[in-house]
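Chains as they are written, first to last, in the numbering used here: chain S, 1 to 301; chain Y, 1 to 515.
All C-beta atoms, glycine included, are put in the ideal place defined by N, C-alpha and C.
The following block contains the structure:
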């Protein structure tokens, strides 16, 4: 009988290829479509009452038959990449008997899964295909990174032998990181779109999506950190040890907290807001890759 | 009396406030909460939203530095020699910056004065913001303003108009009934029977209060843990005598077994100690303690922390009585890694004794397998008084004292912990998540409706408005509600001609030209 893990090794390159194809299709669609038209909503709902307010966000334009067909392929390829990653993680879960979060390789693949899930949700819900230009490259790079790591299955070290908290703690991290990547993608696009004449996107929608994704990210990060503290209290005998990894997670949480406060109570929008979201995602990557140089209590991860 | 709708917290709706510079205080305007001018200004400083954001960012920078820079272990900065040794050890890494970083307290950031000041300012900021917001939220919750000016309906950020053929009175009743069916709280306008106020999740704002208060609870939990908590690693000799827990208890803990399991490649699979806790000599609890399965009893927790070797040593005094009979944990390692050592002192003769054994698997230590070396110093001196290798059971005669190495024994390191802050940490965490959930999922939605005559064919004109912040989600909800109300009066309802805004429409900003 073939080793399921050896078979699963072919899934990641396939997922990477499919992701890149989806990205190329999205780029073609975005670079050839016309500017979105305004809708009649303004006839019903009053426009902004002050000069500082943005215009209402227009709906996406109707697509031509050609780009509509390509759009279906682009979305389909992204969904296939997501399914391939899901299958890969499922195989590892079945083989290892625990969530696919036990080492850098597994977490990198799970990170990709979270990113694709968040992106597909946003594309389905908001029809904001332009996000793919910024989000899918992150997913592709992380897949490539995961493929370069040791994919061997090793037993869980004693500290990780808590299936419930391992699944919950890291599971929330994956969802948070996926949402954060979407907010990062929206922020990057917000900053670069004005410089790319062929990329026709509504900046206000990007600003709004970046904010909404951060609104999702922040509570998920909070729950992730609190579950980590609860677990640390059980496993290490201290709910907080200023371990470098948990300290980096706190930095991330503070940045997203600052973003939400700046946005909600100080009215930060636009470029300043976008930069904070980029810094927030950089902090997430720092916390994630930090394992390579931090050491500390999370050094096994 | 009429009041204009303005929102002291709603900085995203400045157009309304700016349009009426001479208007009196708004319904949500803050009360004068502090008695004196001086304290009022201090209070204002702390509830400043800018201070809050700046403090959060400052804390983020501090914490980031804590993750990037090498941090000294606990207790290093309370011991001058240890501090000097630590600073020297990091000098190779930080070079000329070492002195500056040390002076700024950046090698022990999380106990440094600067960090504690930032935490303190953040706590005060949260406290001031919360106490400042509470009356406003309560006022909105209990006494929302129900009568905006007519002008408000023409200038509000979100506004819509519907022309219907029903009479104004019938239309007003239909709207109120429909909003009630949608589970809105509907309040009549006492000044105008054809106006009404409707809202949902009026209590949603209290979620923010809960989230912010939870942060204060978590900070307090940290302080309580640091000031009143107990956390010390006790090396229990496996199969040895019970060890007193101390700290005002009559508890004793004993490790009867310890097992470390590894896979074929030497990776750890399990560490498990069987602990027995006794109180006044009676066994009160026992269990296998693993990394994820601590033993809890009497407010104390016993965590599997480490393991190692110990040397059982017995010392008899001049009269032949036993003055020392313990397992000495071999906590130190020689620089070449070939031997491990433990230290104990004998107060009577003023001796410090090092017991040295070969490290596990080492054959290069110069000590025969199974033997131990006693190395004796006068307390406080580095001069060796005596040194001898002894076999198990062999006695080293040191004047009036006889030192006997009995055997090598395994020890299990158990973290004994009593943390009065931990329950508060859990309370704060639950409140934080609950507060956030309410804040983000149950946003307060406010609508004002006014019905006037002079619609087409003598019908009514429904005017719907809200002054909330610019928000795509709320805009959608507003549009949905407006469309929903349109359906209530279908097929007669028609969107009114787009009313000319009282102010000039916002010019397309540079940022929206790509739209």
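Exercise. Report yes or no: is there a C-beta of chain S within less than 8 angstroms of the C-beta of residue 42 of chain Y?
Key: no
Quiz item: Is residue 78 of chain S closer than 8 angstroms to residue 146 of chain S when the C-beta atoms are compared?
Solution: no
Quiz prompt | Rounded straight-line distance, which links the Cα of residue 176 of chain S to that of residue 120 of chain Y | solution = Roughly 29 angstroms between the two C-alpha positions.
Quiz item: Taking three-plus beta-carbon pairs below 8 angstroms as touching, is the segment 330-340 of chain Y in contact with the segment 259-274 of chain Y?
Solution: no
Quiz item: Looking at the C-beta of residue 132 of chain S, does it have a partner C-beta in chain Y at a distance below 8 angstroms?
Solution: no
Exercise. Spell out whether any CB of chain Y is found under 8 angstroms from the CB atom of residue 239 of chain S.
Key: yes
Quiz item: What residue from S:89, S:19, S:118 and S:20 has the CA that sits closest to residue 9 of chain S's CA?
Solution: S:89
Practice problem: Specify the secondary structure class of residue 324 of chain Y as computed by DSSP and reduced to three states. | Solution: Residue 324 of chain Y falls in the strand class under three-state DSSP.
Quiz item: Would the beta-carbon of residue 242 of chain Y fall within 8 angstroms of that of residue 252 of chain Y?
Solution: yes
Exercise. Along the beta strand (DSSP E) that carries residue 414 of chain Y, what are the first and last residues, could you check?
Key: According to the DSSP assignment, residue 414 of chain Y belongs to the beta strand (DSSP E) that extends over 401-418.
Practice problem: Can you tell me which of Y:92, Y:271 and Y:115 puts its alpha carbon nearest to the alpha carbon of residue 62 of chain Y? | Solution: Y:115
Exercise. Kindly indicate if chain S contains any beta-carbon less than 8 angstroms away from that of residue 126 of chain Y.
Key: no
Quiz item: Is the shortest distance between the beta-carbon of residue 123 of chain S and the beta-carbons of chain Y less than 8 angstroms?
Solution: no
Quiz item: For the segment 188-221 of chain Y, which segments carrying the beta strand (DSSP E) assignment without a break, of at least 3 residues, lie completely within its bounds, in sequence order?
Solution: Taking only runs of at least 3 residues, the beta strand (DSSP E) segments lying wholly in the segment 188-221 of chain Y are 192-200.
Quiz item: So is residue 27 of chain Y buried or exposed if we call it buried at 16+ other beta carbons inside 10 Å?
Solution: A caution first: residue 27 of chain Y carries a pLDDT of 41, below 50, which makes its placement in the model unreliable, though a value can still be read off. Residue 27 of chain Y is buried by the Cβ-count criterion.
Quiz item: Fully enclosed by the segment 283-333 of chain Y, which alpha helix (DSSP H) runs are 4 residues long or longer?
Solution: none
Practice problem: With 8 angstroms as the threshold, decide whether the Cβ of residue 425 of chain Y is near any Cβ in chain S. | Solution: yes
Quiz item: Got a sec: is the Cβ-Cβ distance from residue 303 of chain Y to anything in chain S below 8 angstroms?
Solution: yes
Quiz item: Rounded to a whole number of angstroms, what is the C-alpha to C-alpha distance between residue 148 of chain S and residue 103 of chain S?
Solution: 13 angstroms
Quiz item: So which of Y:436, Y:300, Y:326 and Y:226 has the shortest CA-CA distance to residue 247 of chain Y?
Solution: Y:300
Quiz item: Applying a beta-carbon distance threshold of less than 8 angstroms, which residues of chain Y neighbour residue 162 of chain S?
Solution: In chain order: 292.
Exercise. For residue 420 of chain Y, return the contacting residues in chain S, with the cut-off set at a CB-CB distance below 8 angstroms.
Key: Here the premise fails: no neighbours, minimum Cβ distance about 13 angstroms.
Quiz item: Should residue 195 of chain S be flagged as near chain Y, meaning a C-beta pair shorter than 8 angstroms?
Solution: no
Self-check item: alpha helix (DSSP H) segment containing residue 107 of chain Y, residue limits
Solution: Looking at the DSSP string, residue 107 of chain Y is not in any alpha helix (DSSP H), and its letter there is neither H nor E.
Quiz item: What does residue 66 of chain Y reach in chain S if we use C-beta pairs closer than 7 angstroms?
Solution: For residue 66 of chain Y, the residues of chain S that pass the 7 angstroms Cβ criterion are 242 and 247, in the order they occur in the chain.
Exercise. Please find out if some non-hydrogen atom of the ligand GDP comes closer than 7 angstroms to the beta-carbon of residue 355 of chain Y.
Key: Of the ligands one can find in the structure shown there are none, so the ligand GDP has no counterpart to examine.
Practice problem: Run the CB neighbour count on residue 391 of chain Y, radius 10 Å, all protein chains shown included, and call it buried at 16 or more, exposed below. | Solution: exposed
Quiz item: So, is the C-beta of residue 272 of chain S closer than 8 angstroms to a C-beta in chain Y?
Solution: no
Self-check item: Residues that residue 56 of chain Y contacts on chain S, provided the C-beta gap is smaller than 7 angstroms
Solution: 254, 257, 258 and 261
Quiz item: Should residue 213 of chain S and residue 258 of chain S be called a contact, given that it needs their Cβ atoms to be closer than 8 angstroms?
Solution: Cβ distance not < 8 angstroms, so residue 213 of chain S and residue 258 of chain S don't count as in contact.
Quiz item: Of all the CB atoms in chain Y, is at least one closer than 8 angstroms to the CB of residue 1 of chain S?
Solution: Caution applies to residue 1 of chain S, whose pLDDT of 43 falls short of 50 and renders its modelled position unreliable; the value that the coordinates give is listed next. The Cβ of residue 1 of chain S sits no closer than 8 angstroms to any Cβ of chain Y.
Exercise. Would you identify the three-state DSSP class for residue 253 of chain Y, choosing helix, strand or coil?
Key: strand
Quiz item: Of all Cβ atoms in chain S, is any one closer than 8 angstroms to the Cβ of residue 112 of chain Y?
Solution: Interface flag for residue 112 of chain Y against chain S is unset, since no Cβ pair is found closer than 8 angstroms.
Quiz item: Excluding sequence positions up to five away, which residues of its chain have a Cβ less than 7 angstroms from the Cβ of residue 348 of chain Y?
Solution: 317 and 323
Quiz prompt | Segment limits, beta strand (DSSP E) that includes residue 237 of chain Y | solution = 230-237
Quiz item: Taking all protein chains shown into account, do 16 or more other C-beta atoms lie within 10 angstroms of the C-beta of residue 56 of chain S, making it buried, or fewer, making it exposed?
Solution: Per-residue confidence for residue 56 of chain S stands at a pLDDT of 43, beneath the threshold of 50, marking its modelled position as unreliable; no derived number is given.
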